[in-house]
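>
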Amino acid sequence: MSQPPSNLVVIRGVRTAPPRPRVQPSGDVLHHLAVTTTLGDGSRTSVPVAAPAAAPAVSRLARGAEVVVVGAVRRRLLRAGGATGSRTEVVADRVVPATRSSQVASALGRAAASLMAAGRPHRLARSPVRAERVRGVA
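For the sequence shown, the numbering used here assigns the number -3 to the initial residue and increments by one for each residue that follows.
1) Between Val87, Ser82 and Val6, which lies nearest to His28 when the distance is taken from Cα to Cα?
2) Take Thr32 as the anchor and find which of Gly38, Ala68, Ala76 and Ser42 has the nearest alpha-carbon.
3) Identify the residues that DSSP records as bridge partners of Leu73: which are they?
4) Who does Val166 pair with in a DSSP beta bridge?
5) Could you check if Val92 is buried or exposed, using at least 16 other CB atoms within 10 Å of its CB as the buried criterion?
6) Taking only the alpha-carbon atoms, compute the straight-line gap between Pro21 and Thr80 and give it to the nearest angstrom.
7) On the CB-based measure, 16 or more other CB atoms within 10 Å of its CB, does Ala127 come out buried or exposed?
8) Take Arg96 as the anchor and find which of Arg75, Leu73, Gly67 and Glu62 has the nearest alpha-carbon.
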C-alpha cells in the first residue's frame, strides 16, 4: 500500500521577483517567481517558486505582496548550451495572498490533512521517546 506524499513545504514571505512564465519540456507552463522569507535567526533568504500557469493568484500578485505558498521541494536537472546543472525549487500547489485568511486556512488545512494521511505525525506523537524529548527529559 503506498502512502500519500509527505514532501510538503509551507512558506510565508514577500513576492520579490515578478512571475516569469516558462514552458517546460512536458509542455506545461510554470510561472517562476521568488519569495523572500525571514529565517528563525533573523536572516532573510530568497526561495525560488514554480507555480502552474493555472494558479490565478500568481499573475495578479504585486511586488512586495505577502504570500503563503504550499507545495513540495523538487530538484530539476537542466541542460543548456551543452552543460548540465540543477535547480532546487518549491513547486507550488497553492499561492495565496497572506491577507486572505480563509484561503490561507484552507491551504494549511489541506497541507495538514496530507501530513495526517501520510501517518508520520501519528507515529511521532505516540512515541514515548519523542514525548520525553519534547518535555526535555531525554
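Cβ coordinates follow ideal geometry from the N, Cα and C atoms, glycine included.
Reading it off the structure:
1) Val87
2) Ser42
3) Ser82
4) Nothing about residue 166 can be read from this structure; the chain reaches only from -3 to 134.
5) buried
6) 15 Å
7) Model confidence at Ala127 stands at a pLDDT of 36, short of 50, so the residue's coordinates are unreliable; what they give is reported in the following sentence. With fewer than 16 other Cβ atoms within 10 Å, it is exposed.
8) Glu62
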